[in-house]
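Structure first, then comments.
Residue numbers (the working numbering): 29 to 118.
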């Protein structure tokens, strides 16, 4: 099992993500998992930039990651990780 770090998730949320990162994710998909800490860190970053228009796009990207890895998220509960991000962002 390989835990996807926050910086990898962030890279995929860029308007033009690095093709090498995307290729690595595709090659290793079956082994990948998310930690709730990574979810919390991305949620925190989104809250920090509000009301910037990028926040909505990034939130959609985070939602995609959460749905894609729904059965491969480990650590804190998902709700606790999102609450952490919101609390840290305010």
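Yeah, the Cβ is synthetic: ideal placement off N, Cα and C, and Gly gets one too. The model shown is predicted, which means the values in this text are computed figures rather than measured ones.
Residue i versus residue j - alpha carbon distance
{"i": "residue 89", "j": "residue 48", "result": "19 Å"}
{"i": "residue 55", "j": "residue 78", "result": "34 Å"}
{"i": "residue 82", "j": "residue 115", "result": "19 Å"}
{"i": "residue 98", "j": "residue 117", "result": "24 Å"}
{"i": "residue 87", "j": "residue 44", "result": "17 Å"}
Sequence-distant residues of its chain with Cβ nearer than 6 Å to residue i (five each side left out)
{"i": "residue 32", "result": "60, 62"}
{"i": "residue 100", "result": "61"}
Nearest-angstrom beta carbon gap, residue j and residue i [assumed within contact, 8 Å]
{"i": "residue 25", "j": "residue 109", "result": "With the chain represented from 29 up to 118, any question about residue 25 goes unanswered, as that position is not in the structure."}
{"i": "residue 103", "j": "residue 40", "result": "Actually they are not in contact, since the Cβ atoms of residue 103 and residue 40 sit about 20 Å apart, beyond 8 Å."}
{"i": "residue 106", "j": "residue 96", "result": "Not really, about 13 Å apart at Cβ, beyond 8 Å."}
Same chain only: Cβ atoms within 8 Å of residue i, ignoring 5 sequence neighbours per side
{"i": "residue 30", "result": "56, 59, 60, 61"}
{"i": "residue 38", "result": "70, 73"}
{"i": "residue 51", "result": "none"}
Endpoints, the alpha helix (DSSP H) within which residue i is located
{"i": "residue 51", "result": "47-56"}
{"i": "residue 29", "result": "Residue 29 -> no alpha helix (DSSP H), and no H or E assigned at all."}
{"i": "residue 34", "result": "34-40"}
{"i": "residue 113", "result": "106-117"}
Boundaries of the beta strand (DSSP E) in which residue i is found, first to last residue
{"i": "residue 60", "result": "60-63"}
Contacts around residue i, its chain only, beta-carbon distance under 7 Å, and the 5 residues preceding and following it disregarded
{"i": "residue 76", "result": "117"}
{"i": "residue 34", "result": "66, 69, 70"}
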